[in-house]
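Down below is the structure, laid out as structure tokens.
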Amino acid sequence: MKRTKINLLIKLEKSPGNVLVKGWVRTRRGSKGFSFMEINDGSCLKNIQVIATGDLKNYHDIETITTGSSVSVAGKLAESPGKGQKWEIQAENLEIINLAPESYPLQKKRHSDEFLRTIAHLRPRTNKYGAAFRLRSEMAFAIHKFYREKGFRYLTTPLITGSDCEGAGEMFRVTSLDPEKVKEQGEMDFTMDFFGQESNLTVSGQLSAEMFALALGDVYTFGPTFRAENSNTSRHVAEFWMLEPEMAFCDLKENMDHGEELVKYLTRHAMAECSEDMALFSNFVDKSLSKRIDTILNSEFGRISYGEAIEILKKSKKKFDFKVKYGIDLQSEHERFLAEEYYKKPVFLTDYPKGIKPFYMRMNDDGKTVAAVDLLVPGIGELIGGSQREERLDILEKRMNEMNLPMDDYWWYLDSRRFGSAPHSGFGLGFERFLMMITGISNIRDVIPFPRTPGRIDF
RNA sequence: UCCCCAGUAGCUCAGUUGGCAGAGCAAUUGGCUGUUAACCAAUGGGUCCGCGGUUCAAGUCCGUGCUGGGGAGCCA
Numbered sequence: 000m001k002r003t004k005i006n007l008l009i010k011l012e013k014s015p016g017n018v019l020v021k022g023w024v025r026t027r028r029g030s031k032g033f034s035f036m037e038i039n040d041g042s043c044l045k046n047i048q049v050i051a052t053g054d055l056k057n058y059h060d061i062e063t064i065t066t067g068s069s070v071s072v073a074g075k076l077a078e079s080p081g082k083g084q085k086w087e088i089q090a091e092n093l094e095i096i097n098l099a100p101e102s103y104p105l106q107k108k109r110h111s112d113e114f115l116r117t118i119a120h121l122r123p124r125t126n127k128y129g130a131a132f133r134l135r136s137e138m139a140f141a142i143h144k145f146y147r148e149k150g151f152r153y154l155t156t157p158l159i160t161g162s163d164c165e166g167a168g169e170m171f172r173v174t175s176l177d178p179e180k181v182k183e184q185g186e187m188d189f190t191m192d193f194f195g196q197e198s199n200l201t202v203s204g205q206l207s208a209e210m211f212a213l214a215l216g217d218v219y220t221f222g223p224t225f226r227a228e229n230s231n232t233s234r235h236v237a238e239f240w241m242l243e244p245e246m247a248f249c250d251l252k253e254n255m256d257h258g259e260e261l262v263k264y265l266t267r268h269a270m271a272e273c274s275e276d277m278a279l280f281s282n283f284v285d286k287s288l289s290k291r292i293d294t295i296l297n298s299e300f301g302r303i304s305y306g307e308a309i310e311i312l313k314k315s316k317k318k319f320d321f322k323v324k325y326g327i328d329l330q331s332e333h334e335r336f337l338a339e340e341y342y343k344k345p346v347f348l349t350d351y352p353k354g355i356k357p358f359y360m361r362m363n364d365d366g367k368t369v370a371a372v373d374l375l376v377p378g379i380g381e382l383i384g385g386s387q388r389e390e391r392l393d394i395l396e397k398r399m400n401e402m403n404l405p406m407d408d409y410w411w412y413l414d415s416r417r418f419g420s421a422p423h424s425g426f427g428l429g430f431e432r433f434l435m436m437i438t439g440i441s442n443i444r445d446v447i448p449f450p451r452t453p454g455r456i457d458f
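Shown next, in the form of structure tokens:
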């Protein structure tokens with residue numbers, strides 16, 4: 000008999016008679032002569048109840064089944080006379096695949112997130128983490144679906160990069176040099192290294208994506224990204240996934256339209272395809288989740304310039320630790336006030352002063368601000384960061400000079416402005432931060448399978 | 001990296017003024033003929049985070065290190 004997954008089984012209207020289920024025992028309740036078991040196979044949140052009676056030939060062994068054990072159950076799918084479930088399996092053949100010893104760390108009760116992080120290899124067997132990682136999978140699929148429907152091309156950009164000055168934070172060095180020899184020589188000779196020059200793990204695929212947007216039109220990258228920052232917060236990890244769309248013939252407004260459409264599409268997809276898991280999050284993880292999802296789906300995101308934001312912050316009676324002044328980079332407290340208290344919904348901030356933004360952002364006509372855009376979201380902070388790119392060669396070169404960037408390293412990037420340059424825009428969306436937003440899970444380490452943070456690379 | 005808080009049984013946590021190491025859940029064993037984080041009873045279980053110090057006596061006080069959490073900076 001072929002195995003049926005539990006997500007299909009529990010949806011059945013009529014019993015097909017006998018079924019075969021394989022999974023892990025969440026709990027066993029024994030009485031004299033029979034046992035109830037809850038089996039979960041990871042296909043969905045729900046367990047299937049199995050009843051095993053004393054007339055089974057291996058019933059003596061069945062009585063020893065512990066939480067966490069793996070089993071294979073064949074039997075009749077019957078309507079359950081008990082409350083709480085429609086179906087149950089009346090076991091006719093129950094095979095113990097592996098008995099979990101008493102040291103199995105997951106109990107049939109709530110565990111703290113901190114404890115579960117220490118057993119990250121087992122935590123997907125819990126309701127909450129199972130739901131989180133099913134949703135993560137579904138959201139990755141939804142990203143590809145969204146872009147395919149819109150005629151975008153999926154681009155995979157290199158994870159190892161030679162440019163050491165992308166300006167998006169500390170980078171991880173990639174080298175094949177022998178540490179012992181480096182110690183003898185007293186310094187690293189990069190000409191002897193694998194690539195003949197210094198190389199690092201990427202902090203963004205954007206520059207590569209721009210080249211392909213100016214060839215294929217609309218592209219997106221979706222893959223891992225690395226930051227060697229010594230960040231110890233609930234919103235940062237050293238290895239995370241980022242979605243980066245890049246669109247030719249697209250200005251800042253269209254860039255925002257795209258970001259808003261994307262966030263709404265993915266959120267709608269989560270509600271439609273993962274309703275059961277989403278219900279768990281709003282019932283047990285974050286009581287305000289339903290309201291936030293509703294706001295994301297049904298409100299128009301705010302859109303204001305940096306200058307307007309500064310005015311709003313100044314006029315507010317709120318006391319900030321950092322004084323608000325035109326030209327400063329906005330602090331967390333400022334961003335939170337704008338998204339959580341003033342607008343109470345996601346809000347785009349545009350047109351930042353050029354001094355606090357990177358070289359590739361397009362200079363506005365005022366000569367002081369650039370066509371940058373950040374999307375601030377209640378509870379998360381910055382979800383999206385992007386811009387319209389500077390497509391005018393002379394202005395781009397001038398900016399790079401001002402910022403002392405080595406022009407030679409960027410010869411290929413500048414070529415794109417030399418040969419058929421065109422307006423284009425794009426942004427980066429932090430995949431884990433998006434997952435935090437739609438699950439209400441408050442620590443980024445709990446939405447990524449095996450988190451990498453300063454001082455920790457377990458599993 | 002900085003600020004604040006915490007570390008006691010497998011888990012969650014209590015532990016008074018410095019004076020015998022505790023609870024609930026879990027586990028183990030037994031009971032129970034339809035359970036729902038089953039129920040009832042019994043039993044076992046400790047490097048009180050590490051190191052050093054004060055003291056007749058330290059889980060408790062002091063110093064230091066490590067780990068975890070919250071916040072800040074950096075950013076996705």
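Per numbering that gives the first Met the number 0, residue 0 is the first one in the first sequence, and the count goes up by one each step. All C-beta atoms, glycine included, are put in the ideal place defined by N, C-alpha and C.
Task: Length of the line joining the Cα atoms of E334 and P178 - done: 43 Å
- [ ] Going by DSSP, name the residue or residues bridged to D217.
- [x] M246
Task: Three-state class that DSSP yields for F458 in the structure shown - done: Assigned with DSSP and collapsed to three states, F458 falls in coil, not helix or strand.
- [ ] Inspect the beta-carbon positions of V202 and F221 and report whether they are closer than 9 Å.
- [x] no
Task: Same chain, Cβ closer than 6 Å to I159, five either side skipped, listed in chain order - done: V173, S198
Open item on the list: Please give the ranges of any beta strand (DSSP E) in the region 264 to 311, keeping only runs that are unbroken, at least 3 residues long and fully inside the region.
Closed with: The qualifying runs are 301 to 304.
Task: Anticipated Cβ contact below 8 Å, L374 with P345, distance rounded - done: 6 Å
Task: Per DSSP, cross-strand counterpart(s) of L19 - done: R2, A73
Open item on the list: Taking its Cβ as the centre, do 16 or more other Cβ atoms sit within 10 Å of M255, making it buried, or is it exposed?
Closed with: buried
- [ ] Report the partner residues of F430 according to the DSSP bridge assignment.
- [x] Beta-bridge pairing links F430 to no other residue.
Open item on the list: Using only the alpha-carbon positions, how far apart do E431 and V376 sit?
Closed with: 14 Å
TODO: Give the DSSP-derived three-state secondary structure of Y103 in the structure shown.
DONE: coil
Open item on the list: Between the region 59 to 72 and the region 99 to 106, can you find at least three pairs of beta-carbon atoms closer than 8 Å?
Closed with: Verdict: yes, contact present.
Open item on the list: Taking contact to mean 3 or more Cβ pairs, one atom from each stretch, closer than 8 Å, check whether the region 50 to 57 and the region 27 to 39 are in contact.
Closed with: yes
Task: Cross-strand partners of H423 (DSSP beta bridge) - done: A247
Open item on the list: Tell me which residue opens and which closes the beta strand (DSSP E) that L374 is part of.
Closed with: 368 to 376
Open item on the list: In the DSSP assignment, the alpha helix (DSSP H) including Y128 goes from what residue to what residue?
Closed with: 126 to 148
Open item on the list: If I follow the unbroken beta strand (DSSP E) through V446, where does it start and stop?
Closed with: Premise fails: V446 is in no beta strand (DSSP E) and is neither H nor E.
Task: Contact the region 276 to 289 vs the region 123 to 131: 3+ CB pairs below 8 Å - done: yes
TODO: Count the C-beta pairs between the region 381 to 389 and the region 240 to 259 that are closer than 8 Å, then say yes if the count reaches three, no if not.
DONE: yes
Open item on the list: Given this structure, state the Cα-to-Cα distance separating K263 from I295, to the nearest angstrom.
Closed with: 7 Å
Task: Span of the alpha helix (DSSP H), counted from its first residue to its last, around M399 - done: 392 to 401
Open item on the list: Just verifying my parser: in three-state terms, what is the DSSP assignment at V323?
Closed with: coil
TODO: Please state whether DSSP places L261 in a helix, a strand or coil.
DONE: helix
Task: Pairwise C-alpha distance: K324 and Y459 - done: In the structure displayed, the chain extends from 0 to 458; residue 459 sits before or after that span and is not available.
- [ ] For my contact list, A73 and N46 are in at a C-beta cut-off of 8 Å; report their separation, rounded to the angstrom.
- [x] At roughly 17 Å, the Cβ-Cβ gap does not stay under 8 Å, so A73 and N46 are not in contact.
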